[in-house]
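Working notes, structure below.
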Amino acid sequence: KRVHLYVFTLSGDEFKVRRELNCAGLEWWSLGALQIIPVNRKVIRTAPQHNISRMRPGLSSPLNYVRFHMSELLPRRVEKLLYVDVDAVFHADVASWWDSVPPA
Numbered sequence: 054k055r056v057h058l059y060v061f062t063l064s065g066d067e068f069k070v071r072r073e074l075n076c077a078g079l080e081w082w083s084l085g086a087l088q089i090i091p092v093n094r095k096v097i098r099t100a101p102q103h104n105i106s107r108m109r110p111g112l113s114s115p116l117n118y119v120r121f122h123m124s125e126l127l128p129r130r131v132e133k134l135l136y137v138d139v140d141a142v143f144h145a146d147v148a149s150w151w152d153s154v155p156p157a
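Quick note: the sequence shown uses the numbering used here, first residue 54, plus one each step.
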């Protein structure tokens, strides 16, 4: 498969994510194109950037800092990555850009 989607969620919330995906009509997650990766709160909370949340309480969720730990959390077979935040919108196909970026 050309595209794999990885959804990060807090450890213990995997079932909730699957339920939400099913409610949204995204049952294809069971085919292996989408992998739900549980994130341990303690691992993320030990990161230096987590101290920012003391100044900005709205950033207190460990999931706000997952992007800094993706190399540790993603499977080793991932050679390149397009990080898309939850509020991003694409107005065009990104496939040509994706194809032009060499793997790491």
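All residues carry an ideal CB built from backbone N, CA and C; glycine is no exception.
The three-state reading of DSSP puts Leu74 in helix, counting H, G and I together.
When rounded, the separation of the alpha-carbon atoms in Phe121 and Leu127 is 12 Å. Spatial neighbours of Leu135 in its own chain (CB-CB distance under 8 Å, excluding positions within 5 residues in sequence) are listed in chain order as Val147 and Trp151. Under a 10 Å Cβ-count criterion, Val154 is classified as exposed, with fewer than 16 other Cβ atoms of the shown protein chains found around its own Cβ. In the structure shown, Val154 adopts coil according to DSSP, grouped into three states.
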